[in-house]
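Q: Below is one structure. I have some questions about it.
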Amino acid sequence: ATMSASAVSATAASSSSYSQMKSSSSSSYKGVSAGLGFGSYGSGGAALGYGGALGLGYGGGAALGYGGGAALGYGGGAALGYGGGAALGYGGGAALGYGGGLGLGYGGGGVGLGYGAVGLGGGGYMLPGGGAPGLIGGGFGIGPGGGVGPYGSPAFAAGKMLTAGGLSGTLVGVGTIPPMASREAEKSTLQFLNDRFGGYVEKVRLLQRENAALEAQLASITGGAPLSPDGGVTVNYEVQITELRTTIETLILDKVNLEIELDNIRATAEELKAKFEFEAGVRYQLESDISLMKKDIEFATDTRVNLTTRYTALTDELTFLKKTYEEEFATFQTRLGTTEVSSGSIIEVDTIKSFDLMSTLSQIRSEYEVVATRNRAEAEAYYHSRIEEIQAVTSKTTEAINFAKTEIVSVTKDIQMHYSELQTLLSQSYSMEQAVASYEARASSEVASYQSSVASLEVAIETARMDLQRQLLAYQSLLDVKLQLDAEISTYRNLLEGEAARCSVEALLTIERGGGGG
16 ATMSASAVSA
26 TAASSSSYSQ
36 MKSSSSSSYK
46 GVSAGLGFGS
56 YGSGGAALGY
66 GGALGLGYGG
76 GAALGYGGGA
86 ALGYGGGAAL
96 GYGGGAALGY
106 GGGAALGYGG
116 GLGLGYGGGG
126 VGLGYGAVGL
136 GGGGYMLPGG
146 GAPGLIGGGF
156 GIGPGGGVGP
166 YGSPAFAAGK
176 MLTAGGLSGT
186 LVGVGTIPPM
196 ASREAEKSTL
206 QFLNDRFGGY
216 VEKVRLLQRE
226 NAALEAQLAS
236 ITGGAPLSPD
246 GGVTVNYEVQ
256 ITELRTTIET
266 LILDKVNLEI
276 ELDNIRATAE
286 ELKAKFEFEA
296 GVRYQLESDI
306 SLMKKDIEFA
316 TDTRVNLTTR
326 YTALTDELTF
336 LKKTYEEEFA
346 TFQTRLGTTE
356 VSSGSIIEVD
366 TIKSFDLMST
376 LSQIRSEYEV
386 VATRNRAEAE
396 AYYHSRIEEI
406 QAVTSKTTEA
416 INFAKTEIVS
426 VTKDIQMHYS
436 ELQTLLSQSY
446 SMEQAVASYE
456 ARASSEVASY
466 QSSVASLEVA
476 IETARMDLQR
486 QLLAYQSLLD
496 VKLQLDAEIS
506 TYRNLLEGEA
516 ARCSVEALLT
526 IERGGGGG
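According to our numbering, the sequence shown is numbered sequentially starting from 16.
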């Protein structure tokens, strides 16, 4: 079997319309209608691209791509791809791929937009066009392939029959085309397509409004500069996109660096806190050592004062004894001299005794001098040893004090630095606490407002409940009235039925009487 006469006539009409459109077009690379299409195989529409109606594409249709219809693609249809219909593909129909109908295939039109002629698409056998006049593709505007025309039913039925089993890749013309549908089916199909067409018209209007808004936005971005189809705008957009991506990457890197720096600052803060605590402990230990050293210095000072006092007392005592012995020695010498001058005879007579006295005095003097020298040497040695010990202790203590002072100065500087950092952190903490307090106050106010709203709603609910109770009471009273009325109606019905029965009996009796009389 081959294509139907409608499909053949659609192909012929498409070919003739293709030649007419190509000859009448001002440029083979320009689109027509209300769009900005600029492909040699593209045509009309109300949007940008190589294609036609309401989209960016190589064909007609209402969207982007090489195709027509209401989406992207090379063919017609309402989706992306080379196909038409309501999805992707090279063919028409309402699905994806090279086919038409409701599935994938190479064939012609179908429910959607594409190369089939019924919808807003093009031809049915992958020819340059199909359906109403147009170029390759299909579309709502002046697109490749025609709009709704008399050639749609065979293509739609063929595509639907070919793809009824699911998604396939059957080529139109390779298999056997099933028989066409009935007139009622065509009417229902046309009604369905008209409904879809109305939906697409609404989408077209929406897309026109969005297109106008985008054109206004584009004009505001480009400063009203004219846009040419030489690809410069795309390159400009690509440059802008590249710059924006570079900026985004730079911002991401800056964010990562800031996070790393923040982590480093936090680690430094923790380290400074630990160091501050350590330095505070060292300071406390040094203060304890300094207090102990002060006690040692006071003890050493008291010892030095005592030793100095004892040294002074011993020196004075030694001086006094020396002076006393010298006076006594001078007195002895004076006495001895007087005795020699005044009593020469005695001295002459008793020279041996005088000689013994002088030797005794000399011996005493020498012994005294030896004792005094030894005592002086011992006192000086003891004093010098004590002084040296005190000086050694004092020098050590002074060195320790100087070292402690240096450490105290450094620790004081560190403490001041840490204190300033602590003050900064405390100020930040205070500001954060203030922010938290403000947030809590705001939250409490919002909670109070919510609680008041809940209370008002509860009051409203209680009022509604009371109204409902009143309405229930009224309903109950009305129900009682209804029951009474039903009872009365039943009574009247019974009365009427009895009256009717009586009347019928009387009528029968009358008839019987009349018959008997005749």
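The C-beta atom is built at its ideal place from N, Cα and C for all residues, glycine as well. Being a predicted model, the structure only gives us computed values, none of them experimental.
Taking all protein chains shown into account, decide if V601 is buried (16 or more other Cβ within 10 angstroms of its Cβ) or exposed.
A: Given a span of 16 to 533 for the chain in the structure shown, any question on residue 601 remains unanswerable.
Q: Compare the C-beta of L494 with all C-beta atoms of chain D and state if any pair is closer than 8 Å.
A: Looking at the structure shown, chain D is missing, and only one protein chain is on hand.
Q: Using alpha carbons as the reference points, say which of K270, L266, A315 lies closest to K411.
A: Looking up residue 411 in the sequence shown gives position 396. Minimum Cα distance to K411 is reached at A315.
Q: With DSSP run on the structure shown, which of helix, strand or coil describes S377?
A: As a first step, residue 377 must be located in the sequence shown, where it is residue number 362. Reduced to three states, the DSSP call for S377 is helix.
Q: Tell me the rounded alpha-carbon separation between I275 and K290.
A: Here residue 275 refers to the residue found at position 260 of the sequence shown. Here residue 290 refers to the residue found at position 275 of the sequence shown. The straight-line gap from Cα to Cα measures roughly 22 Å.
Q: According to DSSP, is S446 part of a helix, a strand, or is it coil?
A: Along the sequence shown, read from residue 1 onward, the residue named residue 446 stands at position 431. Of the three classes helix, strand and coil, the one that applies to S446 here is helix, per DSSP.
Q: Output the distance between the C-alpha atoms of N279 and L287, rounded to the nearest integer angstrom.
A: Position 264 of the sequence shown holds residue 279. Position 272 of the sequence shown holds residue 287. Each residue's Cα considered, the two are about 12 Å apart.
Q: Less than 8 Å between the C-beta atoms of I430 and L301, yes or no?
A: Here residue 430 refers to the residue found at position 415 when the sequence shown is read from its first residue. Here residue 301 refers to the residue found at position 286 when the sequence shown is read from its first residue. No; because the gap between Cβ atoms is not below 8 Å, this pair is not in contact.
Q: Can you say whether V386 is buried or exposed, counting buried as having 16 or more other CB atoms within 10 angstroms of its CB?
A: Locating residue 386 in the sequence shown gives position 371, where the first residue counts as 1. Its Cβ having fewer than 16 others within 10 Å, V386 is exposed.
Q: Please classify S197: does DSSP put it in a helix, a strand, or coil?
A: Looking up residue 197 in the sequence shown gives position 182. DSSP places S197 in coil when its eight states are reduced to three.
Q: At 3 residues or longer, and completely inside the stretch 251-311: list those beta strand (DSSP E) runs for me, N to C.
A: Correct list: empty.
Q: Taking C-beta to C-beta, are A394 and L329 nearer than 8 Å?
A: The count along the sequence shown starts at 1 and reaches residue 394 at position 379. The count along the sequence shown starts at 1 and reaches residue 329 at position 314. For A394 and L329, yes; Cβs fall inside 8 Å.
Q: Assuming A419 and D304 are in contact, meaning their beta carbons sit under 8 Å apart, how far apart are those beta carbons, in whole angstroms?
A: Position 404 of the sequence shown, counted from the start, is the residue given in the question as residue 419. Position 289 of the sequence shown, counted from the start, is the residue given in the question as residue 304. The Cβ separation is near 7 Å, so the contact holds.
Q: Less than 8 Å between the CB atoms is what I'm expecting for F344 and R380, so what's the real figure, rounded?
A: Locating residue 344 in the sequence shown gives position 329, counting from the first residue. Locating residue 380 in the sequence shown gives position 365, counting from the first residue. Confirmed, Cβ separation roughly 7 Å.
Q: Apart from the five residues just before and just after L440, which ones in its own chain have a Cβ nearer than 8 Å to its Cβ?
A: For the purposes of this step, residue 440 is identified with residue 425 of the sequence shown, where counting begins at 1. Closer than 8 Å at Cβ, skipping near neighbours: A284.
Q: On the criterion of 16 or more Cβ atoms from any shown chain inside 10 Å, does Y215 qualify as buried, or is it exposed?
A: The residue given as residue 215 occupies position 200 in the sequence shown. By the neighbour-count rule (16 or more Cβ atoms within 10 Å), Y215 is buried.
Q: Please classify L208: is it buried, with 16 or more other beta-carbons within 10 angstroms of its beta-carbon, or exposed?
A: As a first step, residue 208 is located in the sequence shown; it is residue number 193 there, counting from the start. L208 comes out buried.
Q: Between M308 and I416, which are expected to be in contact by the criterion C-beta below 8 Å, what is the C-beta distance as a whole number of angstroms?
A: Residue 308 sits at position 293 when you count from the first residue of the sequence shown. Residue 416 sits at position 401 when you count from the first residue of the sequence shown. Their Cβ separation, rounded to whole angstroms, is 6 Å, which keeps M308 and I416 in contact under 8 Å.
Q: Sorted by chain position, which residues of the same chain lie with C-beta nearer than 8 Å to L333's C-beta, five sequence neighbours on each side aside?
A: Within the sequence shown, numbered from 1, the residue matching residue 333 stands at position 318. Result list for L333: A387, N390, R391, A394, in chain order.
Q: Below 8 Å on the Cβ atoms is my contact criterion, and I expect R319 with V426 to pass it. Report the Cβ-Cβ distance as a whole number of Å.
A: One-based indexing of the sequence shown puts residue 319 at position 304. One-based indexing of the sequence shown puts residue 426 at position 411. Not a contact, Cβ separation roughly 31 Å.
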